[in-house]
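Notes to accompany the following structure.
In our numbering, the protein residues as written are 5 to 121.
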């Protein structure tokens, strides 16, 4: 929910360790080189909303990030308005290293009349 300053206040901040995933990449010499990349197992849309949480990812294991949550900061750096390719390197990092992700969650509620006391 936007605050008076126009900034978004995160619902919570969670601390997650990055998982390791190896991929093959072509080096300039044309040979295949093994590179290690680490992430937290989230698929995000352009608005930084979580579309899916990988079953074996660090985010799922933490139990604190869900589908529909919106990433608003990574390690204290605001990411609102940044394109996804600029945010991905902030989330990814060396395997096993921690990353803090601030998440905004919308909670749908139904209003109910209160009974007089």
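All C-beta atoms in this analysis are idealised placements derived from N, C-alpha and C, irrespective of residue type, glycine included.
**OP:** Under 8 Å Cβ to Cβ from residue 78, same chain only, skipping five residues before and after it: list those, please.
**Re:** 91, 94, 95, 103, 104, 105, 106
Original post:
For residue 66, which of 84, 44, 50 has the nearest alpha-carbon?
Top reply: The shortest C-alpha separation from residue 66 is found at 44.
**OP:** Answer yes or no: do residue 63 and residue 46 have a C-beta to C-beta separation smaller than 8 Å?
**Re:** yes
Original post:
Thinking C-beta only, is residue 70 closer than 8 Å to residue 57?
Top reply: yes
**OP:** Express the C-alpha separation of residue 50 and residue 76 in angstroms, rounding to a whole number.
**Re:** 12 Å
Subject >> CA-to-CA distance, residue 118 to residue 52, given in whole angstroms >> reply: 37 Å
**OP:** Determine the direct distance from the alpha carbon of residue 112 to that of residue 99, and round the result to whole angstroms.
**Re:** 36 Å
Original post:
Can the beta-carbon of residue 48 be found closer than 8 Å to that of residue 88?
Top reply: By the CB criterion at 8 Å, residue 48 and residue 88 fall inside the cutoff.
Original post:
Do you know offhand how far residue 109's Cα is from residue 40's?
Top reply: 31 Å
Original post:
What's the gap between the Cα of residue 120 and the Cα of residue 74?
Top reply: 38 Å
Original post:
Could you give the C-beta distance for residue 80 and residue 42, rounded to a whole number, given that I count them as a contact under 8 Å?
Top reply: Going by Cβ atoms, the distance from residue 80 to residue 42 rounds to 19 Å, so no, they are not a contact pair.
**OP:** Could you name each continuous beta strand (DSSP E) segment of 3 residues or more that falls completely within the stretch 49–87, going from the start of the chain to the end?
**Re:** 54–57, 74–78
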